[in-house]
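Chains as they are written, first to last, in my numbering: chain A, 6 to 130; chain B, 19 to 251. The beta-carbon is built from N, C-alpha and C at its ideal position, and this holds for glycine as well.
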């Protein structure tokens, strides 16, 4: 239900977005099975690549659930941002709010009003 | 303005760093800009201390209540420049190494200052002016919305929809005229961004985002800093 459905293709522009089949012939059920199989496989690779270990089985299972959700999020991001590559990164076992909390850190403010403005520079040769 | 430009080709950018699990991106962005400015004024590329900002900089923005730099809980690059101006400068990374947390006391030693700020300013939301300030003054501290960065692995990011509310601080080191975007079979001009999540994220620690329409707010919080020519003690 994410905004993917709100992505409006401007067919008038010269950008001719590819319409790609995103569900295999086997239909949504097969797609779901593939996704779960893939997710566990990817999670195993993810843990070894980034040396991830979890203190308890509960934590492990919870992180795998988060990982699966992030796989779908990466798929959605790839649809919304097709000129970049999106997928499994070292943050794939974090929820978006954990990611923001731990790895960002810009005060959500405007620039200080009293900051000095840079002089306008010539840009034509 | 050159069509392509990258301060990494001119030796003004230190290696990719890793802020770890600490919301200190603002200090990496500010330090990256001062490292570049210091290189331009001294010819020496010195890795400077983010930990000094994390531990010692609690500068507040006079215009906004509660907008104070606070270690792993966030900060602002312009406030970091203000702190550095008042404190006299930053130590080298090696003299005040990064720990990734903000529980320690301030251990700033004035006798070990390696770079100082002479002034800093904000750049207008005009891509030509951003490019011109980048070429003239060195890498720029910029804010960005990081929503698409959690899953980013490479390429030129150019989301159809991306909020412009800023939640991450990074360093603008260059720009390119043509980043091949397969899906749209066209080349997109892009900014080259140095991030602080280690070299095993993105393109060896770097992020490319398309230019042209303030995508993810990347044009809306840009600041530049000038360094004093100091003799390190």
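Rounded straight-line distance, which links the Cα of residue 68 of chain A to that of residue 195 of chain B = Taking the second chain and counting its residues from 1, the one referred to as residue 195 of chain B is at position 177. Taking the first chain and counting its residues from 1, the one referred to as residue 68 of chain A is at position 63. Distance between the alpha carbons of residue 195 of chain B and residue 68 of chain A is about 40 Å.
query = Hey, is residue 53 of chain A's beta-carbon within less than 8 Å of any beta-carbon in chain B?
reply = Here residue 53 of chain A is taken as the residue at index 48 of the first chain, counted from 1. With 8 Å as the cut-off, residue 53 of chain A does not count as an interface residue toward chain B.
ask   = Taking the continuous beta strand (DSSP E) assigned at residue 34 of chain B, which residues delimit it?
value = Sequence index remark: in the second chain, residue 34 of chain B carries index 16 (1-based). From DSSP, residue 34 of chain B is part of no beta strand (DSSP E); its letter is neither H nor E.
inquiry  = Could you check whether the Cβ of residue 139 of chain A sits closer than 8 Å to any Cβ belonging to chain B?
reply    = With chain A covering 6 to 130 only, the question about residue 139 of chain A has no answer from this structure.
message = Count Cβ pairs between the region 209-229 of chain B and the region 36-48 of chain B that sit closer than 8 Å; are there 3 or more?
response = yes
Whole-angstrom distance between residue 43 of chain A and residue 110 of chain A, CA atom to CA atom = Here the question's residue 110 of chain A lines up with position 105 in the first chain. Here the question's residue 43 of chain A lines up with position 38 in the first chain. Roughly 33 Å separates the two Cα atoms.
ask   = For residue 24 of chain B, does the three-state DSSP call read helix, strand or coil?
value = Translated into the one-based positions of the second chain, residue 24 of chain B becomes position 6. Reduced to three states, the DSSP call for residue 24 of chain B is strand.
request  = Quickly, what does DSSP pair residue 131 of chain B with across the bridge? List them, please.
outcome  = On the second chain, residue 131 of chain B is found 113 positions in, with the first residue counted as 1. Residue 131 of chain B pairs with B:109.
task = Report the neighbours of residue 39 of chain B on chain A: residues whose CB is nearer than 8 Å to its CB, in chain order.
result = Here residue 39 of chain B refers to the residue found at position 21 when the second chain is read from its first residue. What residue 39 of chain B touches in chain A: 107, 108.
task = Would you grab the beta carbon distance between residue 186 of chain B and residue 164 of chain B for me? Rounded to a whole angstrom, and I think it's under 8 Å.
result = Translated into the one-based positions of the second chain, residue 186 of chain B becomes position 168. Translated into the one-based positions of the second chain, residue 164 of chain B becomes position 146. The Cβ separation is near 4 Å, so the contact holds.
query = Tell me which same chain residues have a C-beta within less than 7 Å of the C-beta of residue 172 of chain B, skipping the five on either side of it?
reply = Against the second chain, residue 172 of chain B aligns to sequence position 154. Excluding sequence neighbours, residue 172 of chain B sits near 220, 221.
key: residue 126 of chain A versus residue 147 of chain B: straight-line alpha-carbon distance, rounded   = Locating residue 126 of chain A in the first chain gives position 121, where the first residue counts as 1. Locating residue 147 of chain B in the second chain gives position 129, where the first residue counts as 1. Taking the straight line from one Cα to the other gives about 6 Å.
ask   = Taking the alpha-carbon positions, what's the residue 52 of chain A to residue 42 of chain B distance?
value = Counting from 1 along the first chain, the entry for residue 52 of chain A is found at position 47. Counting from 1 along the second chain, the entry for residue 42 of chain B is found at position 24. Roughly 26 Å between the two C-alpha positions.
message = One question on the structure: do residue 17 of chain B and residue 141 of chain B come within less than 8 Å of each other, judged by their Cβ atoms?
response = Any answer about residue 17 of chain B is impossible in this case: the structure gives chain B only from 19 up to 251.
Inter-stretch contact (C-beta, 8 Å, three-pair minimum) for the region 125-134 of chain B and the region 106-117 of chain B = yes
ask   = Counting contacts by CB-CB distance shorter than 8 Å, is residue 206 of chain B in contact with chain A?
value = For this step, residue 206 of chain B is matched to residue 188 along the second chain. Interface residue, yes.
query = In chain C, which residues lie less than 8 Å from residue 121 of chain A when you measure between Cβ atoms?
reply = Of the protein chains in the structure, A and B, none is chain C.
task = Measure the alpha-carbon distance for residue 244 of chain B versus residue 20 of chain B and round it to whole angstroms.
result = Walking along the second chain from the start, residue 244 of chain B turns up at place 226. Walking along the second chain from the start, residue 20 of chain B turns up at place 2. Cα to Cα, the separation comes out at about 22 Å.
query = Any C-beta of chain B sitting closer than 8 Å to the C-beta of residue 49 of chain A?
reply = Taking the first residue of the first chain as position 1, residue 49 of chain A is located at position 44. Taking Cβ atoms only, chain B never reaches closer than 8 Å to residue 49 of chain A, which makes this a no.
ask   = How long is the line joining the alpha carbons of residue 241 of chain B and residue 124 of chain A, rounded to whole angstroms?
value = By 1-based counting over the second chain, the position of residue 241 of chain B is 223. By 1-based counting over the first chain, the position of residue 124 of chain A is 119. Distance between the alpha carbons of residue 241 of chain B and residue 124 of chain A is about 12 Å.
message = List, in chain order, every chain A residue whose beta-carbon is nearer than 7 Å to that of residue 185 of chain B.
response = Locating residue 185 of chain B in the second chain gives position 167, counting from the first residue. Residues of chain A passing the Cβ test: 105, 109, 111, 113.
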